[in-house]
Amino acid sequence: MSRLTELAAEFGMVERALGDPAALADTREYARLTRRHRELLPLVTLLRERDSVQADLDGARELLTDPDMRELAASEIPALETRLTEIEAELVVLLLPTDPDDDRDVILELRAGAGGAEAGLFVMDLLRMYTRYVEGVGLCLNVLDANESDLGGASRVVAEVTGGPGSHGAFRALRWERGVHRVQRVPATESQGRIHTSTVTVAVLPEVEQDEVQLDLSEVRIDVFRSQGAGGQGVNTTDSAVRAVYRPGTPDEIMVVCQDGRSQIKNREKALLVLASRLAERERAAREERERSQRAAQVGSGDRSEKIRTYNYPQNRVTDHRLEGDDKNYPLDSVIAGNVAPVVAALARAQRELQLLDMAARDAQEAPHGAA
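Here it is, written out as structure tokens:
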């Protein structure tokens, strides 16, 4: 209750700050306040309902002493008690720690792993799946760069996923997609009807603000060149594509290409944004003292044994290997069409259950000896 009181007070301060003209004038501060307001609103709404139900319950219990109202009060009390218990359980879930990157936009990277041309085709299948999925939750996916093949696949696709008003955070929607996705199906080029296994690695990088990462532009080489692939005459006949290379020729080299529009200036801004996000990822990995970068931890090597999810076409089944029981299997035709939300919900639910178990274990350890 102490924590709930603190958060309710913070919500009040955020609401007042949103009405301050100074906040409206500061785009970044206004965005921060709006994001925090959105985060706290479900909790405060539930807390207010709790106070209302508690007041109704207290009133009903008082009426038990009134001969004329006793029967009516007694009939209302069980439902009020049940709802109060439900609300308190929901509040506990809302108090569980969340990822600080949940509301950020993301850079989504898909790379073909094992399987050659078939893996490249599956890259495009996943791209279409994610495009439909994010549009369904109010987000927008924009491809920044793609290395497409003649067969209609791609060895690599880099896209930006951004949110709109009232939408869920892009990272919250896609965070569970990081890792190796395995596909089992008969390729179109397979004459013997044999099932092939291929993989695609998926990375989800939270976007960072420019002032969050110290990007020394003297260490970045900017190249401009003519865009490749589809995009219209204006895109393909002007030097609008931008390649940003961080510390070229060194072990720290990072290369980013952006050619999604005809504006060289905008492509340059996007390329530097992606570069900053990758540097932020590298810094997080260093802080956590990992042996390799976070990006390598996300996507692995593309080896079939590192899979997080399998798309089995002959059996029309998607299996998420992080889940158990009935939660782990889904109809493939539904998921590949963009209905990823049930899988994401199951993964989020499993995480909450683990967090609640951890919380209960900590509470048991901290309880005084002899306590019930």
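Numbering (the UniProt record's numbering), first residue to last: 1 to 372. For each residue, glycine too, the CB sits at the ideal point set by N, CA and C.
DSSP places H37 inside the alpha helix (DSSP H), whose first and last residues are 27–62.
Rounded to whole angstroms, the Cβ separation of V14 and R48 is 16 Å, and the two are not in contact under 8 Å. In chain order, G193, I195 place their CB closer than 6 Å to the CB of V186, counting only its own chain and leaving out the 5 sequence neighbours on each side. A Cβ-Cβ contact shorter than 8 Å links L144 with A159. Leaving aside the five residues that flank N316 on each side, the residues in its chain whose CB is nearer than 8 Å to its CB run, in chain order, P331, L332, D333. Within the model, the alpha-carbon separation for R309 versus L4 is close to 37 Å. Rounded to the nearest whole angstrom, the CA to CA distance from E29 to T199 is 42 Å. For P206, the enclosing beta strand (DSSP E) covers residues 196–206.
Pairing L40 with L7 gives a Cβ-Cβ distance under 8 Å. In this structure, S155 sits near G120, with a CB-CB distance shorter than 8 Å. For secondary structure counted as the alpha helix (DSSP H) over 4 or more consecutive residues, the stretch 114–161 holds these complete runs in sequence order: 117–136.
If only uninterrupted alpha helix (DSSP H) runs of at least 4 residues are considered, none is enclosed by the stretch 78–110. In this structure, DSSP gives G249 a state outside helix and strand, which the three-state scheme calls coil. The closest CA to that of E135, considering only L64, E118, G169, V343, is found on G169. Straight-line spacing of the CA atoms in V157 and R172 works out to 20 Å. The Cβ atoms of C258 and V245 lie no closer than 8 Å to each other. In the structure shown, V274 falls within a helical segment according to DSSP collapsed to helix, strand and coil. In the three-state scheme derived from DSSP, where H, G and I count as helix and E and B as strand, N312 is classed as strand. Under the three-state reduction of DSSP, D358 is assigned to helix.
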